[in-house]
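Visitor: Let me give you the structure first, and then I'll get to my questions.
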Amino acid sequence: MENLSLAISQFSTFGVLVALVIGCLWGLLAGALPGMGTVAALIVALPFTFGMSTESSIALFLGIYVTSVYGGSISAILINTPGTPQSAATVLDGYPMARAGQADLAIGWATLASFIGGVFSLIVLIVAAPLLAAVSISFGPAAIFAIIVFALTCIAWVSEGSTIKGLLGASVGLWLTTIGPDDLTGLTRFDFGQQELRGGLSLIPVLIGLFALSEVFYRAAFYFTSKPSDVQNVGFKLPPWADIRIRAPQFLRSSIIGTFVGILPGTGATAATFVSYSEARRTSPRAENFGKGEPDGLIASEASNNAVTGGALIPTLALGIPGDGGTVVLLGVLTIQGLTPGYDLVNNNPHILTGAFLMLMVANIVMFALGAFSGRIFSRILGMPEPILMGLILMFSLVGAFVVRGNPVDVTVCVVAGVAGVILRFGRYPIAPIVIGMALGTTFETKLRQGMISARGDFVTFLQDPIALGILGLTALVVLVPTLKRRKAR
Amino acid sequence: MKLRTTLASVAALTLSTGAALAEYPERTINMVIPFSAGGGTDVPGRFFAAEMEKLLGQNIVATNVEGAGGTIGATQQADAPADGYNLLFAPVGTMTTQPHLRNTSYNVDSWTPICMVSEGPYYLVVGADSGIESVEDYKAITANGGPRFVGAGPGSMDHVAQLTLDSELGIEQQYLPTGGGADKATEIGGGRADASVWFADFDTRFNFNALAIMADERSDQHPDIPTMQELGYDVNVSIWFGLFAQDDAPAEAVETLSAACETAVSTDSFKENMAGANRLIRYMGTDEFGDFFRRTFELNGELMRKAGLVN
Chain A
1 MENLSLAISQ
11 FSTFGVLVAL
21 VIGCLWGLLA
31 GALPGMGTVA
41 ALIVALPFTF
51 GMSTESSIAL
61 FLGIYVTSVY
71 GGSISAILIN
81 TPGTPQSAAT
91 VLDGYPMARA
101 GQADLAIGWA
111 TLASFIGGVF
121 SLIVLIVAAP
131 LLAAVSISFG
141 PAAIFAIIVF
151 ALTCIAWVSE
161 GSTIKGLLGA
171 SVGLWLTTIG
181 PDDLTGLTRF
191 DFGQQELRGG
201 LSLIPVLIGL
211 FALSEVFYRA
221 AFYFTSKPSD
231 VQNVGFKLPP
241 WADIRIRAPQ
251 FLRSSIIGTF
261 VGILPGTGAT
271 AATFVSYSEA
281 RRTSPRAENF
291 GKGEPDGLIA
301 SEASNNAVTG
311 GALIPTLALG
321 IPGDGGTVVL
331 LGVLTIQGLT
341 PGYDLVNNNP
351 HILTGAFLML
361 MVANIVMFAL
371 GAFSGRIFSR
381 ILGMPEPILM
391 GLILMFSLVG
401 AFVVRGNPVD
411 VTVCVVAGVA
421 GVILRFGRYP
431 IAPIVIGMAL
441 GTTFETKLRQ
451 GMISARGDFV
461 TFLQDPIALG
471 ILGLTALVVL
481 VPTLKRRKAR
Chain B
1 MKLRTTLASV
11 AALTLSTGAA
21 LAEYPERTIN
31 MVIPFSAGGG
41 TDVPGRFFAA
51 EMEKLLGQNI
61 VATNVEGAGG
71 TIGATQQADA
81 PADGYNLLFA
91 PVGTMTTQPH
101 LRNTSYNVDS
111 WTPICMVSEG
121 PYYLVVGADS
131 GIESVEDYKA
141 ITANGGPRFV
151 GAGPGSMDHV
161 AQLTLDSELG
171 IEQQYLPTGG
181 GADKATEIGG
191 GRADASVWFA
201 DFDTRFNFNA
211 LAIMADERSD
221 QHPDIPTMQE
231 LGYDVNVSIW
241 FGLFAQDDAP
251 AEAVETLSAA
261 CETAVSTDSF
271 KENMAGANRL
281 IRYMGTDEFG
291 DFFRRTFELN
301 GELMRKAGLV
311 N
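Chains as they are written, first to last, in full-length UniProt numbering: chain A, 1 to 490; chain B, 1 to 311.
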């Protein structure tokens, strides 16, 4: 209680709240623009914290962190382009819903799901941080590898009707992550002697190319013949209570998955959304509507990616071990402010922790309000003549691709991915599997090899981790049961 | 893009005629930090850039160009125009071990070392409840086929520390490579590794115990922790960070930067920032640092050849 009053007195100043709101606005913008993404948005703000108080810096960063994850859903729904990799699964049901004239409702679902996911994970963070922190590090390389394998089953769901094409795409995605430096040997792979490729490919430029650029090219190709149906009713509309109530289990499941995957260091929000989407597709009573604009799909993606925020903060604050890319930067901000996250923070500065929780709560509320309000602004933007809108998307995409790492090769990669994306669309290949492969590839490979090195190359020893075995068993069931059922039915 | 390059080279030509250089620096300086924002190299780098900015009266833009042990950013700067406006703030690993391992386009002769800014000795650390109380305890581990040492990728300074420990302690540790950084803490905390090396914040951040410090003298921060020398082992490993320009950078720019660096590291604000972030300042001027850099480069190359990492 002492903590709480101290935290309130330190954090509820005008300056801190201004920092929080600015953080939320910037996060929303950076998330919604294809390219920037959570980490880049945080890095841009980093130099500003030098002259700021500890409280304001924390508020600014948590604001950006929470809303940037949410912001990606807006462009995913309205222009078929995930603003951040975390929103890649939001496209699957968000865009079809928008195309069906329910863009306002889709944004309503996404906002509500993000809010619930965020608040759920915050409550878990407050109640059980020390306990879950201990759980988080007990997941070794083998267990995390198993979770990634489960997330990969998402490929099957997003490529229904063309499983072979989906698997091909996923393989290409996995292969793309092997280009560049290999942390575990110190060698550089598949750079073909090109200096520019030595750093490897970054997911974001490929993502922007495959979704945003290919969308621009595709629309340009059909501009004079058959215009694609416009996205209608942009705005913000909360779904009716009855619809929300029947989906309560979905909100809960996705929030739990997001929080849990967030806790595990080195996994992150993108992996969480694929695990959650797979799980929703398997258990939802409305499974047959997935991919056609089913709210459950939107909830699965958006509740889980925002639930990662609270989850990832658990090892970051309690152990000094960042849970994902965004929290790495947050950890840096705390260090610059002269605070050591981890043991010292929990035991000697608990009011800072309490204050951070308060800021997270407010950030989630501000995010909800901004989401409700910004619907109108986005409807204005989307109301522009299509050539201008597409030109703007093209510009932001290329700038966004460059900004991520400041590496010029990313612009080339983005354009190549854009051309490839158009060709794939004409060939009726699903695009999502490539992104899934690429988003999960590095963790998939690193954890497998790390575990195998520990096990001195013995696969049996590697699999002696009971958590890993359990998850792999579950994955096998998920893959095999529908097949067996179909056999039986025949 | 082409136009810009042309303009840039025209500008560079004008500058290199000498007269214009008298006023160095006369525009924004670009300083690459070859690791991620908020990380171990980034934090002292940004503090340092802030001081240099005040002293030089020009903006210094710190850019993070990460990847491959810092070699991506270092390569970018090695190839950048040597006009005093493209600097690199990099740690020992990027500059003295990675070139041996990765066959980088830069090597020891590609740089003018301007100054050393910070140095932090490594501690040999173990989990708080691991039951390992001393270096002798650590040597005696037989479970899991011997001591398990977790670190960043092969060829990193962590690996250099492990190799040195192997030969000095006369043991054979299993080296578990990870992505580095906090990954090491995850593995030790989860009981999947026995030891690693970390900086002075091992206790406040992770609640780990240190068995020894790998430096000549005990640290004021942890006066109870013995040095490896005291225990009879010649293990000296520290991570230093320094400012570099290209080998053919204009002498005038190097002089100006060198002088500014000496002042920057002794300002109160820099000391305060570094102390707050639990980092140690260590200054070496251009001449001393130059020799030191070349010696370290050779030494680490030798160590890696002995370990069979390079031939």
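Backbone N, C-alpha and C define an ideal beta-carbon position, used for all residues, glycine too. In this text the structure is predicted, and so the values were computed from the model without any measurement.
Under 9 Å between beta-carbons, which chain A residues line up against B/Asn278? List them in chain order, please.
Guide: Walking along the second sequence from the start, residue 278 of chain B turns up at place 278. Going along chain A in sequence order, the residues near B/Asn278 (Cβ under 9 Å) are Thr335, Gly338, Thr340.
Visitor: With 16 as the cutoff for other CB atoms within 10 Å, does B/Gly18 come out buried or exposed?
Guide: As a working note, residue 18 of chain B is residue 18 in the second sequence. Its pLDDT being 45, under 50, B/Gly18 is placed unreliably in this model, and the value from its coordinates should be taken loosely. The residue is exposed, with fewer than 16 neighbouring Cβ atoms inside 10 Å.
Visitor: Short check: CB of residue 312 of chain B to CB of B/Ile60, under 7 Å?
Guide: Absent from the structure is residue 312 of chain B, since the part of chain B shown begins at 1 and ends at 311.
Visitor: If the cut is a Cβ gap below 9 Å, which residues of chain B does A/Val328 touch?
Guide: Counting from 1 along the first sequence, the entry for residue 328 of chain A is found at position 328. Ordered by position in chain B, the residues that pass the 9 Å Cβ test against A/Val328 are Ser36, Ala37, Gly38, Gly39, Gly181, Ala182.
Visitor: Less than 7 Å between the C-beta atoms of A/Gly293 and A/Ala100, yes or no?
Guide: Here residue 293 of chain A corresponds to residue number 293 of the first sequence, with the count starting at 1. Here residue 100 of chain A corresponds to residue number 100 of the first sequence, with the count starting at 1. In this structure, A/Ala100 lies closer than 7 Å to A/Gly293 by Cβ.
Visitor: Which one of B/Gln173, B/Thr263, B/Gly242, B/Pro25 has the shortest CA to CA distance from B/Thr96?
Guide: Translated into positions along the second sequence, residue 96 of chain B becomes position 96. Cα-wise, what sits closest to B/Thr96 is B/Gly242.
Visitor: DSSP three-state call for A/Leu238: helix, strand or coil?
Guide: Position 238 of the first sequence, counted from the start, is the residue given in the question as residue 238 of chain A. Coil.
Visitor: Residues of chain A with CB under 7 Å from B/Asp201, in chain order?
Guide: The residue labelled residue 201 of chain B in the question sits at position 201 within the second sequence. Ordered by position in chain A, the residues that pass the 7 Å Cβ test against B/Asp201 are Thr340.
Visitor: Let me check understanding here. Comparing Cα to Cα, which of A/Leu469, A/Gly451, A/Thr442, A/Met452 lies closest to A/Leu176?
Guide: The residue given as residue 176 of chain A occupies position 176 in the first sequence. If we check each option's Cα against that of A/Leu176, A/Thr442 comes out closest.
Visitor: Going along chain A in order, which residues have a C-beta closer than 9 Å to the C-beta of B/Ile239?
Guide: Start at 1 with the first residue of the second sequence, and residue 239 of chain B comes out as number 239. Against B/Ile239, chain A offers no close residue; the least beta-carbon distance is about 15 Å (beta-carbon pairs closer than 9 Å).
Visitor: For chain A, find out if any of its Cβ atoms is closer than 7 Å to the Cβ of B/Ala307; answer yes or no.
Guide: Working through the second sequence from its first residue, we reach residue 307 of chain B at position 307. Answer no: the Cβ-Cβ gap between B/Ala307 and chain A never drops below 7 Å.
Visitor: Could you check what DSSP says for B/Leu21 in three-state terms: helix, strand or coil?
Guide: On the second sequence, position 21 is the one that residue 21 of chain B refers to. Note that B/Leu21 scores a pLDDT of 47, beneath 50, so its modelled location is shaky and nothing firm can be said.
Visitor: Would you please verify whether the beta carbon of A/Ser454 is less than 7 Å from any beta carbon of chain B?
Guide: For the purposes of this step, residue 454 of chain A is identified with residue 454 of the first sequence, where counting begins at 1. True, the Cβ-Cβ gap to chain B drops below 7 Å.
Visitor: Is B/Asn207 close to chain A? Criterion is C-beta to C-beta, closer than 7 Å.
Guide: On the second sequence, position 207 is the one that residue 207 of chain B refers to. So, interface residue.
Visitor: If the criterion is Cβ atoms closer than 7 Å, does the pair A/Gly83 and A/Gly94 meet it?
Guide: Translated into positions along the first sequence, residue 83 of chain A becomes position 83. Translated into positions along the first sequence, residue 94 of chain A becomes position 94. No.
Visitor: Quick one: is A/Thr111 buried, meaning 16 or more other Cβ sit within 10 Å of its Cβ, or exposed?
Guide: Within the first sequence, numbered from 1, the residue matching residue 111 of chain A stands at position 111. Buried.
Visitor: How about B/Gly57: is its C-beta nearer than 7 Å to some C-beta of chain A?
Guide: Indexing the second sequence from 1 puts residue 57 of chain B at position 57. Cβ-Cβ to chain A under 7 Å: no for B/Gly57.
Visitor: Short check: CB of A/Pro433 to CB of A/Ile155, under 7 Å?
Guide: Counting from 1 along the first sequence, the entry for residue 433 of chain A is found at position 433. Counting from 1 along the first sequence, the entry for residue 155 of chain A is found at position 155. Closer than 7 Å, so yes.
Visitor: Who are the near neighbours of A/Ala271 in its chain, counting only those whose CB is closer than 8 Å to its CB and skipping five residues on each side?
Guide: Translated into the one-based positions of the first sequence, residue 271 of chain A becomes position 271. Ile147, Ile148, Ala151, Val261, Ala439, Leu440, Thr443.
Visitor: Return the CA-CA distance between A/Leu398 and A/Cys414, expressed in angstroms with no decimal places.
Guide: In the first sequence, counting from the first residue as 1, residue 398 of chain A sits at position 398. In the first sequence, counting from the first residue as 1, residue 414 of chain A sits at position 414. Each residue's Cα considered, the two are about 7 Å apart.
Visitor: A/Ile423 touches chain B at which residues, Cβ-Cβ below 8 Å?
Guide: The residue labelled residue 423 of chain A in the question sits at position 423 within the first sequence. Neighbours of A/Ile423 on chain B: none; closest Cβ ~26 Å, over 8 Å.
Visitor: With a threshold of 8 Å on Cβ separation, who are the neighbours of A/Val479 within its own chain once the five nearest residues in sequence on each side are excluded?
Guide: By one-based count along the first sequence, residue 479 of chain A stands at place 479. Taken in chain order, the residues that qualify are Thr153, Ala156.
Visitor: Going by Cα to Cα distance, which pick from A/Gly326, A/Ile467, A/Ile144 is closest to A/Leu46?
Guide: Here residue 46 of chain A is taken as the residue at index 46 of the first sequence, counted from 1. Closest option to A/Leu46, Cα to Cα, is A/Gly326.
Visitor: For B/Pro34, tell me which candidate among B/Glu23, B/Gly151, B/Thr94, B/Met157 has the shortest Cα-Cα distance.
Guide: Against the second sequence, residue 34 of chain B aligns to sequence position 34. Among B/Glu23, B/Gly151, B/Thr94, B/Met157, the Cα nearest to that of B/Pro34 belongs to B/Thr94.
Visitor: Say whether the segment 286 to 301 of chain A touches the segment 480 to 489 of chain A, bearing in mind that this needs 3 or more beta-carbon pairs closer than 8 Å, one atom from each stretch.
Guide: Taking 8 Å as the limit for Cβ pairs, the verdict is that the segment 480 to 489 of chain A does not touch the segment 286 to 301 of chain A.
Visitor: Using DSSP bridges, identify the partner residues of residue 312 of chain B.
Guide: Limits of chain B in this structure are 1 at one end and 311 at the other, which puts residue 312 of chain B out of reach.
Visitor: What residue from A/Ile256, A/Leu25, A/Ala269, A/Pro141 has the CA that sits closest to A/Lys447's CA?
Guide: For the purposes of this step, residue 447 of chain A is identified with residue 447 of the first sequence, where counting begins at 1. Nearest of A/Ile256, A/Leu25, A/Ala269, A/Pro141 to A/Lys447, Cα basis: A/Pro141.
Visitor: Residues of chain B with CB under 9 Å from A/Phe50, in chain order?
Guide: The residue you call residue 50 of chain A lines up with position 50 of the first sequence. Within 9 Å Cβ-Cβ: Arg46, Phe47, Ala50, Asn273.
Visitor: Is the distance from the Cβ of A/Gly418 to the Cβ of A/Pro34 below 7 Å?
Guide: Locating residue 418 of chain A in the first sequence gives position 418, counting from the first residue. Locating residue 34 of chain A in the first sequence gives position 34, counting from the first residue. Cβ atoms of A/Gly418 and A/Pro34: not closer than 7 Å.
Visitor: Using 7 Å as the limit for Cβ to Cβ distance, is A/Asp344 near chain B?
Guide: By 1-based counting over the first sequence, the position of residue 344 of chain A is 344. Yes, A/Asp344 counts as interfacial toward chain B.
Visitor: Flag this pair as yes or no: are the beta carbons of A/Ser304 and A/Gly258 separated by less than 7 Å?
Guide: Here residue 304 of chain A corresponds to residue number 304 of the first sequence, with the count starting at 1. Here residue 258 of chain A corresponds to residue number 258 of the first sequence, with the count starting at 1. Their beta carbons are under 7 Å apart, which means A/Ser304 touches A/Gly258 by this criterion.
Visitor: Are the Cβ atoms of B/Tyr123 and B/Ala210 separated by less than 7 Å?
Guide: As a working note, residue 123 of chain B is residue 123 in the second sequence. As a working note, residue 210 of chain B is residue 210 in the second sequence. Cβ distance < 7 Å, so B/Tyr123 and B/Ala210 count as in contact.
Visitor: Using a Cβ-Cβ distance cut-off of 7 Å, determine whether A/Thr443 contacts chain B.
Guide: Position 443 of the first sequence, counted from the start, is the residue given in the question as residue 443 of chain A. No - not a single Cβ of chain B is within 7 Å of the one on A/Thr443.
Visitor: In this structure, does DSSP put B/Asp201 in helix, strand or coil?
Guide: By one-based count along the second sequence, residue 201 of chain B stands at place 201. B/Asp201 falls in the coil class under three-state DSSP.
Visitor: Give me the residue from A/Leu360, A/Ser75, A/Glu196, A/Ile436 with the minimum Cα distance to B/Thr104.
Guide: For this step, residue 104 of chain B is matched to residue 104 along the second sequence. Checked all of A/Leu360, A/Ser75, A/Glu196, A/Ile436; the closest Cα to B/Thr104 is A/Glu196.
Visitor: Rank B/Val235, B/Ala140, B/Ala78 by C-alpha distance to the C-alpha of B/Ser167 and give the top, closest one.
Guide: To locate residue 167 of chain B, count along the second sequence from 1; it is residue 167. Measuring from the Cα of B/Ser167, the nearest candidate turns out to be B/Val235.
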